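Undergrad:
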């Protein structure tokens with residue numbers, strides 16, 4: 400008589416239960432990868448905005464426009480970055496350029512097509528002092544970075560820009 404080799408039904412069920420418990424335990428960490436990725440993208444956008452704002456401020460300081468409430472091609476001295484005449488407030492880029500040919504903060508960034516860009520609170524304003532960039536630009540509960548030009552809503556002062564990362568909806 401041959402000795403049978405293999406697993407009993409009880410052993411197989413125990414292994415399946417153990418694998419199920421491990422899967423349920425590990426699943427949340429795999430689900431959070433997309434959230435972590437989105438948050439890291441927002442941090443990178445924030446760093447890019449800071450670098451672009453500082454670059455424009457330094458260029459404005461060279462021509463003496465860093466203390467002006469506004470400077471542009473129409474309000475000299477003009478600051479040109481990457482061939483674009485920038486619209487600045489106290490040396491920092493405006494959130495949305497007033498003139499069609501004027502440059503704003505978005506002209507200094509390279510953004511993915513996956514991101515939403517929204518001006519003002521309800522995303523419908525054509526003239527705004529802030530811009531939101533992210534995955535869900537719903538005010539307060541979204542997943543975005545908000546840049547506020549100096550003196551605008553959300554800016555810390557009249558002469559400094561504001562930058563906020565909202566990750567509640569990521």
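In this note's numbering, the protein residues as written are 400 to 569.
A virtual CB, placed ideally from N, CA and C, is assigned to each residue, including glycine.
Quick caveat, the model's predicted, so the values are computed rather than measured.
Quick one: what does DSSP say residue 435 is sitting in, helix, strand or coil?
TA: As a first step, residue 435 must be located in the chain shown, where it is residue number 36. Here residue 435 sits in helix by DSSP.
Undergrad: Going by beta carbon distance, what residues of the same chain come within less than 8 Å of residue 352, once the five residues before and after it are set aside?
TA: Because the chain in this structure spans residues 400 to 569, residue 352 falls outside the shown range and cannot be described.
Undergrad: Rounded to a whole number of angstroms, what is the C-alpha to C-alpha distance between residue 499 and residue 422?
TA: Indexing the chain shown from 1 puts residue 499 at position 100. Indexing the chain shown from 1 puts residue 422 at position 23. Roughly 55 Å between the two C-alpha positions.
Undergrad: Select from 418, 545 and 440 the residue whose C-alpha is nearest the C-alpha of residue 494.
TA: As a first step, residue 494 must be located in the chain shown, where it is residue number 95. Checked all of 418, 545 and 440; the closest Cα to residue 494 is 545.
Undergrad: For residue 514 and residue 534, I'd like the C-alpha separation in whole angstroms.
TA: As a position in the chain shown, residue 514 is number 115, starting the count at 1. As a position in the chain shown, residue 534 is number 135, starting the count at 1. If I take the Cα positions, the gap works out to 5 Å.
Undergrad: Taking C-beta to C-beta, are residue 465 and residue 459 nearer than 8 Å?
TA: Position 66 of the chain shown, counting from 1, holds the residue named residue 465. Position 60 of the chain shown, counting from 1, holds the residue named residue 459. Cβ distance < 8 Å, so residue 465 and residue 459 count as in contact.
Undergrad: Would you call residue 527 buried or exposed, if buried means 16 or more other Cβ atoms sit within 10 Å of its Cβ?
TA: Here residue 527 refers to the residue found at position 128 of the chain shown. Looking at its Cβ environment, which holds 16 or more other Cβ atoms inside 10 Å, residue 527 is buried.
Undergrad: Please state if the CB of residue 562 and the CB of residue 449 are separated by a distance shorter than 8 Å.
TA: Along the chain shown, read from residue 1 onward, the residue named residue 449 stands at position 50. Along the chain shown, read from residue 1 onward, the residue named residue 562 stands at position 163. Result yes, Cβ atoms of residue 449 and residue 562 sit closer than 8 Å.
Undergrad: Please go through the stretch 479–543 and give each complete beta strand (DSSP E) segment of 3 or more residues, from N-terminal end onward.
TA: Fully enclosed beta strand (DSSP E) runs of 3 or longer: 483–485, 515–518 and 529–535.
Undergrad: Just to confirm before moving on: does the CB-CB distance between residue 536 and residue 567 stay below 8 Å?
TA: By 1-based counting over the chain shown, the position of residue 536 is 137. By 1-based counting over the chain shown, the position of residue 567 is 168. No.
Undergrad: Could you give the DSSP three-state label for residue 560: helix, strand or coil?
TA: The count along the chain shown starts at 1 and reaches residue 560 at position 161. In this structure, residue 560 counts as coil in the three-state DSSP scheme.
Undergrad: My output table needs one value for residue 471: the three-state DSSP class, helix, strand or coil.
TA: In the chain shown, residue 471 corresponds to position 72, counting from 1. In the structure shown, residue 471 sits in coil (DSSP, three-state: anything other than H, G, I, E or B).
Undergrad: Should residue 410 be flagged as near chain C, meaning a C-beta pair shorter than 8 Å?
TA: The displayed structure is made up of one protein chain only, and chain C is not part of it.
Undergrad: Under a Cβ-count criterion, where at least 16 other Cβ atoms within 10 Å of its own Cβ denotes burial, should residue 437 be classed as buried or exposed?
TA: Translated into the one-based positions of the chain shown, residue 437 becomes position 38. It counts as buried.
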